[in-house]
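For reference, the structure is listed below as structure tokens.
Residue numbers (the working numbering), protein chains in the order written: chain W, 90 to 422; chain Z, 90 to 422.
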């Protein structure tokens, strides 16, 4: 499989991306990479990593980058030569099998929607993010591709989340929950109350509403929500986790006894950190587009980008888009 | 001040509530309490705590309770003699100055809206919850009173949050942020994009969008959002904090060295726990209704209910409702 990697995407791009590509070529057997970016600007990093054109690595120039503070639509309007748009074109033309980008999420959504089109039957794409919970990971979908959703969008997200959960975590019949404000059927907002009715009729393992309290107990394997709420949940969970880590460090450094305790228990803290480490997860797939696109965390490390390349490689080998289309038809949404 | 306490509200009611009342009478000078509940059902607990009618404690019978799985509107329809509705009636008749309930939030909202009416100029009430962050607490408003909101509702929540932040935390000119999916002006959903425009025009210290990442860094003193998102954030933050605590314990118990370390550092863990302890915060005020109503966490301990009684007492002494009305007028919303 040939993966188009957006060299310019991410808070620490291109350095981190190029380091990741070097590692991926060593560690992931047979993967081929097309590195897309401003060739002049990345040449220094290519030399540093001793990366040259080969049968497994090629380069494609992209003049522009969609910056984080720009509207998403610039990817398909004023910046049609941006790295993410060029990545999408490569897949559209059959010159690559998947995309990895840690850049502007909205731009990736816009570029792939236009260049690759949607899977037949899908109205809106969704980002599926695997999150740590007690007893395993759960999938949050949509984690930020669509800020305004209809009940039918949520029903389609459920199908896409179900397939992702099966494919990525090998769960036979994933439990699907609807994110809401109480576990009773009567609770929710206008959107979730309607979505609840549709989900109840579908031939999926729908377990009803799940509320914030249930999330990290892995009550559900797949949690469905609109992209606004999903993004807020995802980012606030990261924010509270890092606040807790800050408070813990501060409390442990207060005196010599605690410091000694902390040194003795340091492996435990390392294990705790590893649980919530998104580096291992390796990015979130954008589901519903006619192709493979893995979106990396903006603050991705080389390890995280490398994991994302690995995930893109796996996804490209499985024909997920056509599976989504078939399953939507079965579910009548 | 005389506080009507809902004896039947909360996961561990009436036991926990009555224990809290006993402690409050000892610890909060001059507070008077009207305990509202099914007198037969609570008599055992009253005896246990040696609570008798006095000039500081009286009892009012309420035949019914709105259970957690019932629709909120039952408080004002099929269960007009429920404890929360009777509490609201007492305030409406001038027989009490405030309410404390750890029961069904929606029922408390419905009962107080109907019995006490709204503050002049407020369209919807909001729950303001104080949450821990690095460098102090921030106020999340609305934390769950309204699942569907208009942009104008959010603007009014900003005003109520501002006044709460001033009154409760003594912050002179609170920084107000709008919860969204990116800090750029262009990002958000249809609701927040409209609310952004209104907030920008108001004579408040509006700092723009804040996203999930910023929440627990206390970028803003007041974070405004719809009650669906707010409730999800509040509860998922609790959920992830308890998952982290679970993982930490598990990792610390893995071998003798780590266990020793954990014992030496135990005061640090205790301090960490205290930071996120909602028991100290003592419930969240329901703002925008014409009176004082403090909503306790469903899983409230006696200490949490006691803190809520203390907060109700303080609020009743400050004429918050009329201040809200004046400030809304100043802000043109």
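The beta carbon of each residue, even a glycine, is placed where N, CA and C say it ideally should be.
Next on the checklist: For residue 331/W and residue 125/Z, I'd like the C-alpha separation in whole angstroms.
Outcome noted: 42 Å
Next on the checklist: 9 Å is my cut-off, CB to CB: does residue 239/W come that close to chain Z?
Outcome noted: no
Next on the checklist: I'd like to know whether the C-beta atoms of residue 306/W and residue 271/W end up nearer to each other than 9 Å.
Outcome noted: no
Item to check | Any C-beta of chain Z under 9 Å from that of residue 329/W | outcome: Under the 9 Å criterion on CB atoms, residue 329/W is classed as interfacial with respect to chain Z.
Item to check | Contact check, residue 184/W vs residue 324/W, beta carbons under 9 Å | outcome: no
Checklist entry - Does DSSP put residue 334/W in a helix, a strand or coil? => result Helix at residue 334/W.
Next on the checklist: The alpha helix (DSSP H) that contains residue 143/W, what's its start and end?
Outcome noted: No alpha helix (DSSP H) contains residue 143/W, which DSSP labels as neither H nor E.
Checklist entry - Which stretch, first to last residue, makes up the alpha helix (DSSP H) that contains residue 131/W? => result Where residue 131/W is concerned, the enclosing alpha helix (DSSP H) stretches over 128-137.
Checklist entry - Can you list, in chain order, the stretches of the beta strand (DSSP E) that have 3 or more residues and sit fully within the segment 270-305 of chain W? => result Taking only runs of at least 3 residues, the beta strand (DSSP E) segments lying wholly in the segment 270-305 of chain W are 295-300.
Next on the checklist: DSSP three-state label for residue 151/W, please.
Outcome noted: coil
Checklist entry - Of all the alpha helix (DSSP H) runs that stay within the bounds of the segment 307-371 of chain Z, which reach a length of 4 or more residues? => result Complete alpha helix (DSSP H) runs here, min 4: 316-341, 345-353, 355-364, 367-370.
Item to check | Close beta carbons around residue 157/W, own chain, < 7 Å, minus the five adjacent residues each side | outcome: 193
Checklist entry - Considering residue 195/Z, what are the terminal residues of the alpha helix (DSSP H) in which it resides? => result Per DSSP, residue 195/Z belongs to the alpha helix (DSSP H) from 194-205.
Next on the checklist: Contact defined as beta carbons within less than 8 Å: I believe residue 123/W pairs with residue 287/W. What is the distance between those atoms, to the nearest angstrom?
Outcome noted: Not quite, the Cβ-Cβ distance comes to about 40 Å (not below 8 Å), so this is no contact.
Item to check | Contact the segment 191-206 of chain Z vs the segment 160-173 of chain Z: 3+ CB pairs below 8 Å | outcome: yes
Item to check | Pick from 352/Z, 379/Z, 316/Z that is closest to residue 240/Z, judged by C-alpha positions | outcome: The candidate whose alpha carbon is nearest that of residue 240/Z is 316/Z.
Checklist entry - Quick one, which of 380/W, 147/W, 322/W, 173/W has its alpha-carbon nearest residue 231/W's? => result 322/W
Checklist entry - CB residue 401/Z to CB residue 187/Z, shorter than 9 Å? => result yes
Checklist entry - Of all the residues that make up the segment 321-346 of chain W, which are near chain Z by a beta-carbon distance shorter than 8 Å? => result 321, 322, 323, 324, 325, 326, 327, 328, 329, 330, 331, 332, 333, 335, 336, 337, 340, 341, 343, 346
Checklist entry - Is the CB-CB distance between residue 404/W and residue 310/W below 9 Å? => result No, they are not a contact pair.
Next on the checklist: Our contact map puts residue 214/W next to residue 376/W with C-beta atoms below 8 Å; I'd like the distance itself, whole angstroms only.
Outcome noted: 6 Å
Checklist entry - Beta-carbon of residue 401/Z versus every beta-carbon of chain W: anything under 9 Å? => result no
Checklist entry - Who pairs with residue 225/W in a beta bridge, going by DSSP? => result 222/W
Checklist entry - residue 139/Z to residue 374/Z, Cα distance in whole Å? => result Rounded to whole angstroms, residue 139/Z to residue 374/Z spans 30 Å at the Cα level.
Next on the checklist: So, with DSSP's three-state summary, where would you put residue 119/Z?
Outcome noted: DSSP places residue 119/Z in the coil class of the three-state scheme, outside both helix and strand.
Checklist entry - So which residues of chain W does residue 273/Z contact, with C-beta pairs closer than 7 Å? => result Correct list: 158.
Checklist entry - If residue 113/Z sits next to residue 120/Z, beta carbons under 8 Å apart, how far is it from one beta carbon to the other, in whole angstroms? => result 6 Å
Next on the checklist: If you reduce the DSSP assignment to three classes, tell me which class residue 237/Z lands in.
Outcome noted: Residue state, collapsed to three classes: coil.
Next on the checklist: Looking only at its chain, what residues have a beta carbon closer than 7 Å to the beta carbon of residue 318/W, apart from the 5 residues adjacent to it on each side?
Outcome noted: Taken in chain order, the residues that qualify are 268.
Item to check | Limits of the unbroken alpha helix (DSSP H) element including residue 175/Z | outcome: 172-181
Item to check | Buried or exposed (CB count within 10 angstroms, at least 16 for buried), residue 206/Z | outcome: exposed
Item to check | Range covered by the beta strand (DSSP E) that runs through residue 374/Z | outcome: 373-376
Checklist entry - residue 212/Z CB to nearest chain W CB: under 9 Å? => result By the rule that beta-carbons nearer than 9 Å mark a contact, residue 212/Z does not touch chain W.
Item to check | Segment limits, alpha helix (DSSP H) that includes residue 395/W | outcome: 391-406
Checklist entry - From the beta carbon of residue 176/W, is the nearest beta carbon of chain Z less than 9 Å away? => result no
Checklist entry - Quick one: which chain W residues come within Cβ less than 9 Å of residue 386/Z? => result Ordered by position in chain W, no residue passes the 9 Å Cβ test against residue 386/Z, which lies about 11 Å from the chain.
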